[in-house]
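Under my numbering, the first residue of the sequence shown is numbered 662, with each subsequent residue one higher. Every residue gets a Cβ at the ideal spot worked out from N, C-alpha and C, and that includes glycine. These numbers come from a predicted model, not from an experiment. Below is one structure; the comments refer to it alone.
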Amino acid sequence: MLKRVLTAAIALTLTPPLWAHVAPTPPVHGRSVVTHHSVKVAGHDDRYTARAGTLILRNAQGEPMAKVFYIAYTLDGVRNEADRPITFAYNGGPGFASALVDFGGFGPRKIIWPHPGPGSSRAMAPPYRIVANPDTILPATDLVFIDAVGTGYSRIIGVGKPKDFYGIHADAAT
Numbered sequence: 662m663l664k665r666v667l668t669a670a671i672a673l674t675l676t677p678p679l680w681a682h683v684a685p686t687p688p689v690h691g692r693s694v695v696t697h698h699s700v701k702v703a704g705h706d707d708r709y710t711a712r713a714g715t716l717i718l719r720n721a722q723g724e725p726m727a728k729v730f731y732i733a734y735t736l737d738g739v740r741n742e743a744d745r746p747i748t749f750a751y752n753g754g755p756g757f758a759s760a761l762v763d764f765g766g767f768g769p770r771k772i773i774w775p776h777p778g779p780g781s782s783r784a785m786a787p788p789y790r791i792v793a794n795p796d797t798i799l800p801a802t803d804l805v806f807i808d809a810v811g812t813g814y815s816r817i818i819g820v821g822k823p824k825d826f827y828g829i830h831a832d833a834a835t
């Protein structure tokens, strides 16, 4: 009986690596959502496509280093897309996402900020109203708003390190 117990104990001690393997990491892919809208600018209804998503930045070995969030607006019905300008905009990071550049004036929708009164610290506190922006620059240029790594929805992932993205040259390189 003791021999069976010892054999079972040895077998159980030696076999955990068989069932304790780590599942492989699932592949990392960028994702996007596409929607269609219109905005009235200078009395004209401009139809546009909005794309919000993430791109995966990879190193030379193909390993994921960062997930970069973007919102892109393209004007629909353009005759020659190759001749249409594209404006890329991002705010300073880490710390400030591109949302204020987008909804603060350049994009097709804007935030109406509450004005609680002089000296109030609630000047930018929610709730906000989001409305069509008749002053958008979308009729003149397609727009891509990018959250620098460490801002908004952009994050370091995989083998990425803060030194790869934070700094004067690294921040702009992403």
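Exercise. Are three or more beta carbon pairs between the segment 720–733 and the segment 700–707 nearer than 8 angstroms?
Worked result: no
Problem set entry | Whole-Å CB distance - Pro-769 paired with Tyr-731, under 8 angstroms assumed | Their Cβ separation, rounded to whole angstroms, is 15 angstroms, which puts Pro-769 and Tyr-731 out of contact at 8 angstroms.
Exercise. Per DSSP, Phe-730 is paired with what?
Worked result: Thr-715
Problem set entry | Inter-residue CB distance, Leu-804 and Ala-733 (contact presumed, cutoff 8 angstroms) | Indeed they touch by this definition, with Cβ atoms about 7 angstroms apart.
Problem set entry | Ala-760 vs Asp-808 beta-carbon contact at 9 angstroms | Annotated as proximal: Ala-760 and Asp-808, with beta-carbon spacing under 9 angstroms.
Problem set entry | Alpha carbon of Gly-714 to alpha carbon of Glu-742, nearest angstrom | 21 angstroms
Exercise. CA-CA distance, Leu-736 and Arg-790?
Worked result: 24 angstroms
Exercise. Among Tyr-814, Pro-775, Met-726 and Thr-696, which residue has its Cα nearest to the Cα of Val-820?
Worked result: Met-726
Exercise. Ordered along the chain, which non-local residues of its own chain (more than five positions away) have a Cβ less than 7 angstroms from that of Asn-794?
Worked result: So the list reads Val-700, Gly-768, Pro-769, Arg-770 and Lys-771, once near-sequence residues are dropped.
Problem set entry | Euclidean distance between Cα positions of Pro-746 and Thr-802 | 5 angstroms
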